[in-house]
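Chains as they are written, first to last, in the numbering used here: chain A, 42 to 380; chain B, 50 to 598; chain C, -12 to 270.
For glycine and all other residues, C-beta sits at the position ideal for the given N, C-alpha and C.
A short write-up of the structure that comes next.
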């Protein structure tokens, strides 16, 4: 474990500069480009130049760039993400309010992607070079070419508008939402804590289409990886041994090969998570999902500097932690890895 | 095993019983659910300046005067009656007795004057205080408060005022700088800086509040941004009790979600804003009622008159002749909005159809007078902002482009800017030719003309006060005469004549081109069992009148 | 030319590459010949029956402004191709250059550049592109710049890796010993060795850039209307989704899938060529 602890520390030493780079990039990008948060905030009313100046001073925008930057860094270190000019609340509060929605969507999207990917990949490997293998290959390649927002709209059209199976927007039905006091803001978890079946059904109905949209787009990559690693494993000796012991074929494939196939899937999950967040921004927009990604788009629209910076830093931290966790899991899955 | 089954059985029974009971309680409670795509910016009386935030305040507290359902005549609310001094600068209000805030505090002169005074001192950045900037002094004789936005009255003066002895707690005197025929309209709800809040429960007292108590039919229970607001009936309300004991207002991200929710029966009422196509579909739905209200919200083109080529009145007139409001309305809004031929919309007194209907020949004539021809075409940049006015702006720009290019002499480049930059460029006077929208602050023709032409021509991008051509300078002087003159009298006939003249002058100068009246915004879609919805020219949606049968 | 190609590349076995090339060439042809192929003016023709469903006169239906959807789709390929190809060309040149410099000179410079590029690479490219294009302002050039920036790290990583690998090989060291100038070494020995993998990476990046462009337009950060653009047309069509006007979103979406798939298949094909074992291993 001490080796692992050391490894975590080294990883953190790499992670911090990476977050700093992203933060710096976004910080200066926002301030060099045209657009003004004060005017976005004050709107098109009868506003005087004095008032605009007053708000510049209040937001610290009148000071030199480097001074603003140093001040912001100092605040971030203390966990202070500043205040949003759009919602007039602490950015961190805003983020914490919306982040569970995004994470819930991402986790279920990932789960669906793994389910589809693992199943198709394994199936293709077992039926290697047969028709089903080729069909799955084409699906896998094609899944990279599908725009997330578009498949979301198509699902809405078919299952929301034509068949009316699922609601097209939001996380909860309004009546249920009004009487429901979230505990963790991860609604599935809340349902389990509250042991409320009605609530759970409503939550799942709302989650189904967005999660499937996100999952479908990611399933291709997982499908490919699981196929190739399954193929590799199937050829390996110990499977052959197992087979010679008289085990029936499906049992062989799944029991022995699956565990080894999981390793490369876990490895790519860290990187996948970044793609997942990119996909989430579009899924949330399409399904009016009240998450972090939608918050970011709205903040961009209103030139809400602190909110944009805060969201970027938060996502960067999130991605780094996920990849760290993935590495740790990896070390348990694959006994050969030692830090 | 059997014990476990029995336990499960009991559990199920209890659960159903609980469900039935809670359902029963729910129906007794008479909860109304209303959905909207609009949003609340900030629950701060001294700052908020947008439709839905004002709507929210209007459910929970009140002002001195109001526009009753279906009327545009200023009528008593927290004031029972009032007197105006002969010179038109001193208003004396006699307040209603027995009114209470939700916190149990009595409503009186000091509370009312304190609320307004506090907002004037706080003077929020969104600028709503500008609407009552003519107020110079508030008093409950002999106690007085001098008013100057952002400076006076100070917190100390306000505290002293609250502690002062007054002769009559139900007599409020307001002095204004000069006679203003629009003043009473500016005191009517839902203009938030003049709303009553309890001095005891408003916290923090002299900063933007986080909590307050009002006098309205509902108590403000909770606001979850981007999700919902909840109101509950205030048992001590002085007027008729609200028809629903609880109202939940749900915020939807877009009109598609709003439509889906009302169709699925998830909400009782949907209001502001449905997309035109969805309204047409919903009208065919036998389970729903679709109600259309009058709308005094307008959309229009603005020119920056000191920026070439828009400093040439012929160019502006050519565009005014070339736009096809009928096609615009039909293609973009499925015919549900109304083509608009004056900035003062139909439904408001003094309206006349001042602008000409489409005439391509005259448009070409005007362009030739300005020196343009097919061989020497006019190239223009048209600007719009993509989200601030809903999702139809791109379509509007596309139609306008096609309209103008039909002259064969104009070429239009469409440009997009997000709202913040749009406002910045507009007030710098560098957009030239762009789309804006207007929702009235108070119901008076003045509010449809003065802001761009005389009050704030730079902030709203016309720059008419900085006109470069002699013709435009003359226009500006005439507008100042007409619009200032119209406020100095309260005689409706005399005012009407001046506003009609101003509308005709505007059609000549073509500083702005009215395009359509925003009727789609005034639609409410409700379940069949919902009663009591009043949609009138004030565009105030009164939750307290609405109930389910 | 064709003979030369068929000799060099066993196209018969490269079905993916062939299909991909055919799809992409078809799209390029259609966009080039748009003025002759499109039945109506995509912008100023407003005479179609509002929201008419697909019919003989309007094969893909009519939008709410009376415009022919097919004509807009034919023209819409222009923006997608221009933006995707030119932004990837920019990131290819910049990414390769920085990658070469970084890998060749090594040291502190390499570490700094790598950190910079890794940071960009680890962050969701979609989010970065949105922030950039929203701040720059929505137009063609800004969209190209924003998309180009997010793909620079992909090329940087490939080139730097190749350079590091080749640098250790003998012939480069030998050239060094003979005193050849740095730039010449790079161009003579390293460039030809990286070009194949660069082609594969470029194809994948273009495939992805097409999706990014569509997404930016869909979110309203794209080319100002009424210029035909698939992503923006889906955004417009979304308003009519609940009214069941399926043709407004279906056709532009299918085009995005097909074009992106075309480039994806080319990438696959080239990768298969470079590494024949890969086909079995990494379908």
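1. So for residue 602 (chain B), helix, strand or coil by DSSP?
2. Given that a residue counts as buried once 16 or more other Cβ atoms are within 10 Å of its Cβ, and exposed if not, what is residue 85 (chain A)?
3. Residues of the stretch 111 to 129 of chain C with a CB closer than 9 Å to any CB of chain B: list them in chain order, please.
4. Between B:438, B:149, B:273 and B:328, which lies nearest to residue 346 (chain B) when the distance is taken from Cα to Cα?
5. Could you tell me whether the stretch 301 to 318 of chain A touches the stretch 364 to 373 of chain A, using the rule of 3 or more Cβ pairs below 8 Å?
6. Pull up the CB-CB distance for residue 139 (chain A) and residue 336 (chain A), whole angstroms please, since I reckon it's below 8 Å.
7. Quick one: using the 10 Å Cβ neighbour count with 16 as the cut-off for buried, is residue 444 (chain B) buried or exposed?
8. Drop a sphere of 10 angstroms on the beta-carbon of residue 205 (chain B), count the other beta-carbons inside from all chains shown, and report buried for 16 or more, exposed for fewer.
9. Considering Cα atoms alone, identify which of C:93, C:199, C:190 and C:142 is closest to residue 84 (chain C).
10. Hey, which unbroken runs of the alpha helix (DSSP H) at 4 residues or more fall wholly within the stretch 366 to 441 of chain B?
11. Within a Cβ cutoff of 6 Å, which residues of the same chain sit near residue 553 (chain B), ignoring the five residues on either side of it in sequence?
12. Given a cut-off of 8 Å on the beta-carbon distance, is the pair residue 52 (chain C) and residue 460 (chain B) in contact?
13. Going by DSSP in three states, residue 135 (chain A) sits in which element: helix, strand or coil?
14. Roughly how far, in whole angstroms, is the beta-carbon of residue 183 (chain B) from the beta-carbon of residue 127 (chain B), given that I think they are within contact range, below 8 Å?
15. At the level of alpha carbons, what is the spacing between residue 258 (chain C) and residue 508 (chain B)?
16. Residues bridged to residue 274 (chain C) by DSSP?
17. Considering residue 130 (chain A), what are the terminal residues of the alpha helix (DSSP H) in which it resides?
18. Would you mind telling me which residues of chain F sit closer than 9 Å to residue 466 (chain B), beta carbon to beta carbon, in chain order?
19. Could you run through the stretch 546 to 558 of chain B and flag, in chain order, every residue whose CB is less than 7 Å away from some CB of chain C?
20. Per DSSP, which one or two residues make a beta bridge with residue 272 (chain B)?
21. At which residues does the beta strand (DSSP E) containing residue 347 (chain B) begin and terminate?
22. What does the alpha-carbon distance come out to for the pair residue 390 (chain B) and residue 368 (chain B)?
23. Beta-carbon of residue 100 (chain C) versus every beta-carbon of chain A: anything under 8 Å?
24. Can you give me the Cβ contacts of residue 40 (chain C) inside the same chain, cut-off strictly under 7 Å, excluding the 5 residues immediately before and after it?
25. Say whether chain C places a C-beta atom closer than 8 Å to the C-beta of residue 308 (chain B).
26. Where does residue 326 (chain B) land, buried or exposed, given buried means 16+ other C-beta within 10 angstroms?
27. Helix, strand or coil for residue 95 (chain A), going by three-state DSSP, please let me know.
28. Please check the pair residue 186 (chain B) and residue 196 (chain B), which I expect to be a contact at CB under 8 Å, by giving their CB distance rounded to whole angstroms.
29. With 7 Å as the limit, tell me which residues of the stretch 200 to 215 of chain C have their beta carbon closer than that to any beta carbon of chain B; keep them in chain order.
30. Mind pulling the chain B residues with CB within less than 8 Å of residue 53 (chain C)?
31. Any idea which residues DSSP pairs residue 184 (chain B) with across the strands?
32. Which of the three DSSP states is assigned to residue 112 (chain C) in this structure?
33. List the residues of chain B that residue 133 (chain C) touches, going by C-beta distances under 9 Å, in chain order.
34. Kindly indicate if chain A contains any beta-carbon less than 8 Å away from that of residue 194 (chain C).
35. Residue 201 (chain C) and residue 217 (chain C) look like a contact to me (Cβ under 8 Å); what is the Cβ gap, rounded to whole Å?
36. Give the interface partners of residue 350 (chain A) over in chain B, defined as CB-CB distance under 7 Å, in chain order.
Inspection of the coordinates gives the following:
1. Lying before the first or after the last residue shown, residue 602 (chain B) is absent from chain B, which here runs from 50 to 598.
2. Against the first chain, residue 85 (chain A) aligns to sequence position 44. Confidence at residue 85 (chain A) is low in this model, with a pLDDT of 49, below 50, so the placement of that residue should be treated as unreliable; the coordinate-derived value is given next. Buried, because 16 or more other Cβ atoms sit within 10 Å of the Cβ of residue 85 (chain A).
3. Flagged, chain order: 121, 124, 125 and 126.
4. For the purposes of this step, residue 346 (chain B) is identified with residue 297 of the second chain, where counting begins at 1. Of B:438, B:149, B:273 and B:328, the smallest CA-CA separation from residue 346 (chain B) is found for B:438.
5. Between the stretch 301 to 318 of chain A and the stretch 364 to 373 of chain A there are three or more inter-stretch CB-CB distances shorter than 8 Å, so the stretches are counted as touching.
6. Here residue 139 (chain A) is taken as the residue at index 98 of the first chain, counted from 1. Here residue 336 (chain A) is taken as the residue at index 295 of the first chain, counted from 1. Correct: roughly 5 Å between the Cβ atoms.
7. Residue 444 (chain B) sits at position 395 when you count from the first residue of the second chain. When all chains shown are included, residue 444 (chain B) counts as buried.
8. Within the second chain, residue 205 (chain B) is the residue found at index 156, counting from 1. Its Cβ having fewer than 16 others within 10 Å, residue 205 (chain B) is exposed.
9. As a first step, residue 84 (chain C) must be located in the third chain, where it is residue number 97. Ranking C:93, C:199, C:190 and C:142 by Cα distance to residue 84 (chain C) puts C:142 first.
10. Fully enclosed alpha helix (DSSP H) runs of 4 or longer: 374 to 382 and 409 to 418.
11. Locating residue 553 (chain B) in the second chain gives position 504, counting from the first residue. Excluding sequence neighbours, residue 553 (chain B) sits near 403.
12. Locating residue 52 (chain C) in the third chain gives position 65, where the first residue counts as 1. Locating residue 460 (chain B) in the second chain gives position 411, where the first residue counts as 1. Against a cut-off of 8 Å, the Cβ pair of residue 460 (chain B) and residue 52 (chain C) comes out as no contact.
13. What you label residue 135 (chain A) is simply residue 94 of the first chain in a count that begins at 1. Helix.
14. As a working mapping, residue 183 (chain B) is identified with position 134 in the second chain. As a working mapping, residue 127 (chain B) is identified with position 78 in the second chain. Separation of the CB atoms of residue 183 (chain B) and residue 127 (chain B) is rounded to 20 Å, and the pair is thereby denied contact status at 8 Å.
15. Here residue 258 (chain C) refers to the residue found at position 271 of the third chain. Here residue 508 (chain B) refers to the residue found at position 459 of the second chain. As the crow flies, the alpha-carbon of residue 258 (chain C) is around 59 Å from that of residue 508 (chain B).
16. Residue 274 (chain C) lies beyond the stretch modelled for chain C, which goes from -12 to 270, so this question has no answer here.
17. The residue you call residue 130 (chain A) lines up with position 89 of the first chain. Careful: residue 130 (chain A) lies outside any alpha helix (DSSP H) and carries neither H nor E.
18. No chain F appears in this structure, whose protein chains are A, B and C.
19. Answer in chain order: no residues at all.
20. Indexing the second chain from 1 puts residue 272 (chain B) at position 223. DSSP, once it has assigned bridges, lists B:278 as partnering residue 272 (chain B).
21. As a first step, residue 347 (chain B) must be located in the second chain, where it is residue number 298. Counting along the chain, the beta strand (DSSP E) containing residue 347 (chain B) begins and ends at 347 to 352.
22. For this step, residue 390 (chain B) is matched to residue 341 along the second chain. For this step, residue 368 (chain B) is matched to residue 319 along the second chain. The C-alpha of residue 368 (chain B) is placed about 14 Å away from the C-alpha of residue 390 (chain B).
23. Residue mapping note: residue 100 (chain C) aligns to position 113 of the third chain, counting from 1. For residue 100 (chain C), the answer is no, since every Cβ of chain A falls outside 8 Å of its Cβ.
24. For the purposes of this step, residue 40 (chain C) is identified with residue 53 of the third chain, where counting begins at 1. Within the same chain, residue 40 (chain C) has close Cβ partners 48 and 234.
25. Indexing the second chain from 1 puts residue 308 (chain B) at position 259. So, interface residue.
26. Within the second chain, numbered from 1, the residue matching residue 326 (chain B) stands at position 277. Residue 326 (chain B) is buried by the Cβ-count criterion.
27. Against the first chain, residue 95 (chain A) aligns to sequence position 54. Three-state DSSP puts residue 95 (chain A) in a helix.
28. Locating residue 186 (chain B) in the second chain gives position 137, where the first residue counts as 1. Locating residue 196 (chain B) in the second chain gives position 147, where the first residue counts as 1. Contact between residue 186 (chain B) and residue 196 (chain B) holds: their C-beta atoms lie close to 6 Å from each other, under 8 Å.
29. Answer set for the stretch 200 to 215 of chain C: 207, 211, 212 and 213.
30. On the third chain, position 66 is the one that residue 53 (chain C) refers to. Per Cβ cutoff of 8 Å: 380.
31. In the second chain, the residue the question calls residue 184 (chain B) occupies position 135. B:225, per the DSSP bridge assignment.
32. Here the question's residue 112 (chain C) lines up with position 125 in the third chain. Looking at residue 112 (chain C) - three-state DSSP - the assignment turns out to be helix.
33. By 1-based counting over the third chain, the position of residue 133 (chain C) is 146. Here the premise fails: no neighbours, minimum Cβ distance about 15 Å.
34. Stepping through the third chain from its first residue, residue 194 (chain C) is reached at position 207. The C-beta of residue 194 (chain C) comes closer than 8 Å to at least one C-beta of chain A.
35. As a working note, residue 201 (chain C) is residue 214 in the third chain. As a working note, residue 217 (chain C) is residue 230 in the third chain. That belief holds up - the Cβ atoms of residue 201 (chain C) and residue 217 (chain C) are roughly 6 Å apart, short of 8 Å.
36. For the purposes of this step, residue 350 (chain A) is identified with residue 309 of the first chain, where counting begins at 1. Chain-order list of chain B residues neighbouring residue 350 (chain A): empty, with the shortest C-beta distance near 16 Å, by a criterion of under 7 Å.
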